[in-house]
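Undergrad:
Numbering (the working numbering), first residue to last: 1 to 176.
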């Protein structure tokens, strides 16, 4: 999202745009649908406060059952744009949420700020639903869809030797 600072009016300026994920530098395998950004820019001639509401649908594999699902990530971001140069010796990373546009700043690209807000909102645990039952560790049936003969035999699973990972079990299943 590019802001042409010279075209902003004093006061509030509404924003609304839809982006292909690649334009924001987002992974095209996870982010397959457009990202919607809406908000406003409060401009006073010397600086601007940009408030954004971002909606990004993301495709994941569930951490419990390994089924594909789409999660709509919604997040807000606020960025301050200052019409001055970055102080000498400072690093831009030290000024999170601030963009120094320079005294003659004309164009500010918010793509990095939008992408960072989305990526920081991606949940660490990705579940298709809060009550996802996962899959059977013995036959790998998706317990959200079917009930297998192993349900209820969880006590016997405690006697099973440890060390074999789920990935190892899935690899064995695929070889059959």
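All C-beta atoms in this analysis are idealised placements derived from N, C-alpha and C, irrespective of residue type, glycine included.
Label residue 21 either buried or exposed according to how many other C-beta atoms from any shown protein chain fall within 10 Å of its C-beta, with 16 as the threshold for buried.
TA: Burial call: buried.
Undergrad: Taking the straight line between their C-alpha atoms, what separation do you get for residue 138 and residue 64?
TA: 14 Å
Undergrad: Just reading off the alpha helix (DSSP H) that residue 111 is part of, what are its end residues?
TA: 111-121
Undergrad: Using three-state DSSP, classify residue 8 as helix, strand or coil.
TA: coil
Undergrad: Alpha carbon to alpha carbon, what distance is there between residue 145 and residue 79?
TA: 45 Å
Undergrad: When you compare the CB positions of residue 77 and residue 113, do they come within less than 8 Å of one another, or not?
TA: The answer is yes: Cβ separation under 8 Å.
Undergrad: What residues match up with residue 13 in a beta bridge as DSSP calls it?
TA: In DSSP, residue 13 forms a bridge with 41.
Undergrad: For the beta strand (DSSP E) containing residue 51, list its first residue and its last residue.
TA: 47-61
Undergrad: At what residues does the beta strand (DSSP E) containing residue 135 begin and finish?
TA: Taken as a continuous stretch (DSSP letters only), residue 135 belongs to no beta strand (DSSP E), as it is neither H nor E.
Undergrad: Note down the Cα distance separating residue 52 from residue 118, rounded to an integer number of angstroms.
TA: 11 Å
Undergrad: Within 10 angstroms of the Cβ of residue 183, are there 16 or more other Cβ atoms? Answer buried if so, exposed if not.
TA: The chain is shown only over 1 to 176; residue 183 falls outside these bounds and no answer can be derived.
Undergrad: Could you tell me whether the Cβ atoms of residue 36 and residue 55 are closer together than 8 Å?
TA: yes
Undergrad: Once DSSP output is grouped into helix, strand and coil, what is the label at residue 145?
TA: coil
Undergrad: Run through DSSP, which three-state label would residue 22 get?
TA: helix
Undergrad: Where does residue 27 fall in DSSP's three states?
TA: coil
Undergrad: Using the C-alpha atoms, what's the distance from residue 81 back to residue 47?
TA: 5 Å
Undergrad: Which residue wins for smallest C-alpha separation from residue 24, given the options 111, 32, 129, 45?
TA: 111
Undergrad: With DSSP as the reference, label residue 32 as helix, strand or coil.
TA: Under the three-state reduction of DSSP output, residue 32 falls in the coil class, being neither helix nor strand.
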